[in-house]
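Everything below concerns the one structure shown next.
There are 2 protein chains.
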Amino acid sequence: MPTTPLFRRIDVAPAYQKVADAIEREIINGRIKPGEPIGTEQQLVAQFGVNRSTVREGIRVLEEGGLIRRDSSRRLQACLPRYNKLATRLSRALILHEVTFRELFETSMTLEVASVEGAVERATEENIAELAGNLERSAAVVGNPAALAELDAEFHVLMAKASQNRVLQLAREPAAQLFFPTTEMIVGGVPEGGARLVEAHHHLLDAIKRRDKEAGVLWTRRHLQDWRRGFEKIASLDRSVEHTYMEHAYAARQ
Amino acid sequence: MPTTPLFRRIDVAPAYQKVADAIEREIINGRIKPGEPIGTEQQLVAQFGVNRSTVREGIRVLEEGGLIRRDSSRRLQACLPRYNKLATRLSRALILHEVTFRELFETSMTLEVASVEGAVERATEENIAELAGNLERSAAVVGNPAALAELDAEFHVLMAKASQNRVLQLAREPAAQLFFPTTEMIVGGVPEGGARLVEAHHHLLDAIKRRDKEAGVLWTRRHLQDWRRGFEKIASLDRSVEHTYMEHAYAARQ
DNA sequence: TCTTATCAGTTTGTCCGACAAAGCTAGATT
DNA sequence: AATCTAGCTTTGTCGGACAAACTGATAAGA
């Protein structure tokens, strides 16, 4: 057993990884700002002194990580990782981990309550207008479960946005992505489901307007409990999201 | 303007993307289970009928997405996306979006409270033993801010684990990754900071053992408020995480 | 017999060179 | 001036190549 390390650990990361890391560093440090060009593949080849195939592998890594993207003409540029893309990846991970709807429900309850609390405190006029617009459109399609489900998801996104807390916005997204696709089944399967949903949204918006936190929390709870009751009519909370989707509408996921 | 679409949209996704999608589909569908081999690059070349460079670009995409990895001998195999890796990516996104510590703090408060509530309700003997082990080690390094900060982060991870809610575990991770690196600065900068931290953990563990939700929530709040007071001595809650790290310890990020 | 050394075959990481398709640019044309 | 066109650039893909690392099996040594 050697006692005194004479040499430091040799860096054996493959070249494509080093390329990716090098570019990532520049972006994270802010030396390359979102929207700014990274350069062509040929330029990167010249700068890093590696083959174009190697550069391209590095580019794929960053692209998938959301740090760079290609603009309309396919040139590389740095970009702000979109919550949505990352959240999609997380949602997938949750599915693979076979989480249950109970876990999803519990966490969503926590996050949506936090979301509405933030919205009550800090929603701007613009936020309120957006929510009102959504509510109006929702009321118009109360009999159409698919359209209503989509607007419901949007309503909650807008609420998170109104909380002015981007960390919260991000944190709620993965769960929401798995949670809300079920809304369609539920609204469609419960008589008056659509009307109840719109009513809840109405009260939520009202609470935000009146800056009434208690009412906001109350209606969020009711809204989600409604979801839960509806869900339990068609499936068990304790089965995995994966299996439940398999049996219901998951095939429609494009 | 054509009125009747004669043809459907042609799929023009690049080949490497199709390769990635095809493999991803098999994994998500469960036809390839985590741990199972994907095959060698040569085999994939044969199956997809594309060049090895193309296959390799597709592999990079999946690797970065956490869906496949290479085992000890660098062979490809499907895997369960690790929360940690995904969370790291999200943390990075949060930094780039220049979120503030106020957003981080608020959301962490919500999630840590939910975490302790879950732990109080559902922690197993094993969870409690792990927490106790952590607490013991923490008490031993109360004067060493770096070591203590690391154990603090671990304590909260263990608590989330004890909640038995994987969605929550995942949701709290990105914020925690940004939140906890500051602990070291704070514990080091506040007299008795280490002792207070260990005391809070002690009460938290005690609350979980006694299944006392109220105490758990109370001490979580105190614990985080302590962090906040300490933080405000060295920086402003309303500056971005990015800038704050820049000025303090971010350079040490490897 | 059990261990060690050797050696051929795979597999990955990297490189080189090449080409078609799509975008861009700038000069030529109307 | 607006449009068109031809040439250049860039990306996506391909084929082939080679060194290093790893595998597995066989031969040599204790």
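Those sequence lines, one after another, are chains A and B.
Start counting at 1 in the first sequence, then tack on 190, and there's your number in the working numbering.
Start counting at 1 in the second sequence, then tack on 190, and there's your number in the working numbering.
Even glycine gets a Cβ: it sits at the ideal position worked out from N, Cα and C.
Considering only C-alpha positions, which residue in the set the options is nearest to residue i?
i: residue 303 of chain A; options: B:296, B:306, B:309; result: B:296
i: residue 314 of chain B; options: B:428, B:352, B:356; result: B:352
i: residue 342 of chain B; options: B:355, B:367, B:354, B:357; result: B:367
i: residue 435 of chain B; options: B:254, B:282, B:415; result: B:282
i: residue 373 of chain B; options: B:363, B:224, B:389, B:414; result: B:414
i: residue 262 of chain A; options: A:410, A:272, A:225, A:424; result: A:225
i: residue 248 of chain B; options: B:273, B:214, B:222, B:219; result: B:214
i: residue 391 of chain B; options: B:310, B:321, B:244; result: B:321
i: residue 232 of chain A; options: A:221, A:260, A:291, A:246; result: A:246
i: residue 317 of chain B; options: B:336, B:290, B:334, B:345; result: B:345
i: residue 290 of chain A; options: A:386, A:378, A:369; result: A:369
i: residue 208 of chain A; options: A:429, A:235, A:424; result: A:235
i: residue 445 of chain B; options: B:396, B:394, B:424, B:395; result: As displayed, chain B neither begins before 191 nor continues past 444, which places residue 445 of chain B out of reach and without an answer.
i: residue 418 of chain B; options: B:327, B:377, B:307; result: B:377
i: residue 403 of chain A; options: A:312, A:205, A:427; result: A:312
i: residue 331 of chain B; options: B:382, B:354, B:422, B:429; result: B:382
i: residue 335 of chain B; options: B:210, B:354, B:307, B:386; result: B:386
i: residue 354 of chain B; options: B:202, B:307, B:270, B:292; result: B:307
i: residue 426 of chain B; options: B:260, B:292, B:202; result: B:292
i: residue 223 of chain B; options: B:204, B:240, B:270; result: B:270
Who are the neighbours of residue i on chain A, taking C-beta pairs under 7 Å?
i: residue 382 of chain B; result: What residue 382 of chain B touches in chain A: nothing, since even the nearest Cβ is about 29 Å away.
i: residue 425 of chain B; result: Per Cβ cutoff of 7 Å: no residues; residue 425 of chain B is ~17 Å from chain A at best.
i: residue 430 of chain B; result: What residue 430 of chain B touches in chain A: nothing, since even the nearest Cβ is about 11 Å away.
i: residue 294 of chain B; result: 357
If you follow the alpha helix (DSSP H) that residue i is part of, which residue opens it and which one closes it?
i: residue 213 of chain A; result: 205 to 218
i: residue 369 of chain B; result: 356 to 369
i: residue 324 of chain B; result: 315 to 330
i: residue 347 of chain B; result: 335 to 352
i: residue 249 of chain A; result: 242 to 255
i: residue 223 of chain B; result: That residue, residue 223 of chain B, is in no alpha helix (DSSP H); it is neither H nor E in DSSP.
i: residue 396 of chain A; result: 383 to 399
i: residue 424 of chain B; result: 403 to 424
i: residue 380 of chain B; result: Taken as a continuous stretch (DSSP letters only), residue 380 of chain B belongs to no alpha helix (DSSP H), as it is neither H nor E.
i: residue 235 of chain A; result: 231 to 238
In this structure, what does DSSP give as the bridge partners for residue i?
i: residue 290 of chain B; result: B:430
i: residue 271 of chain B; result: Per DSSP, none; premise fails for residue 271 of chain B.
Determine the contact status of residue i and residue j, defining contact as a CB-CB distance below 9 Å.
i: residue 266 of chain A; j: residue 228 of chain A; result: yes
i: residue 431 of chain B; j: residue 294 of chain B; result: yes
i: residue 338 of chain A; j: residue 301 of chain A; result: no
i: residue 305 of chain B; j: residue 365 of chain B; result: no
i: residue 324 of chain B; j: residue 348 of chain B; result: yes
i: residue 238 of chain A; j: residue 212 of chain A; result: yes
i: residue 388 of chain B; j: residue 329 of chain B; result: yes
i: residue 420 of chain B; j: residue 384 of chain B; result: no
i: residue 258 of chain B; j: residue 285 of chain A; result: no
i: residue 411 of chain B; j: residue 299 of chain B; result: yes
i: residue 524 of chain B; j: residue 256 of chain B; result: Given that chain B is displayed from residue 191 to residue 444, the structure contains no residue 524 of chain B and the question cannot be resolved.
i: residue 280 of chain A; j: residue 280 of chain B; result: yes
i: residue 274 of chain A; j: residue 363 of chain A; result: yes
i: residue 356 of chain A; j: residue 287 of chain B; result: yes
i: residue 433 of chain B; j: residue 409 of chain B; result: no
i: residue 405 of chain B; j: residue 396 of chain B; result: yes
i: residue 206 of chain B; j: residue 230 of chain B; result: no
i: residue 319 of chain B; j: residue 398 of chain B; result: no
i: residue 254 of chain A; j: residue 264 of chain B; result: no
Determine the extent of the beta strand (DSSP E) in which residue i is found, giving its start and end residues.
i: residue 260 of chain B; result: 258 to 260
i: residue 266 of chain B; result: 266 to 268
Run through chain B and tell me which residues come within less than 8 Å of residue i, C-beta to C-beta.
i: residue 218 of chain A; result: 282, 285, 286
i: residue 297 of chain A; result: 304, 355, 357, 358, 361
Residue i versus chain A: which residues are under 9 Å apart at the beta carbon?
i: residue 251 of chain B; result: 250, 251, 253, 254
i: residue 289 of chain B; result: 355, 356, 357, 360
i: residue 338 of chain B; result: Neighbours of residue 338 of chain B on chain A: none; closest Cβ ~25 Å, over 9 Å.
Could you work out which residues of chain A lie near residue i, taking near to mean beta carbons separated by less than 8 Å?
i: residue 321 of chain B; result: None at all; the shortest Cβ gap to chain A is about 20 Å.
i: residue 266 of chain B; result: Within 8 Å Cβ-Cβ: nothing; residue 266 of chain B doesn't reach chain A, min ~14 Å.
Quick one: list the residues of chain B neighbouring residue i, beta-carbon separation under 9 Å, in chain order.
i: residue 273 of chain A; result: 280, 283, 287
i: residue 243 of chain A; result: 243, 246, 247
Identify the contact partners of residue i in chain B, using a Cβ-Cβ distance below 7 Å as the criterion.
i: residue 247 of chain A; result: 246, 247, 250
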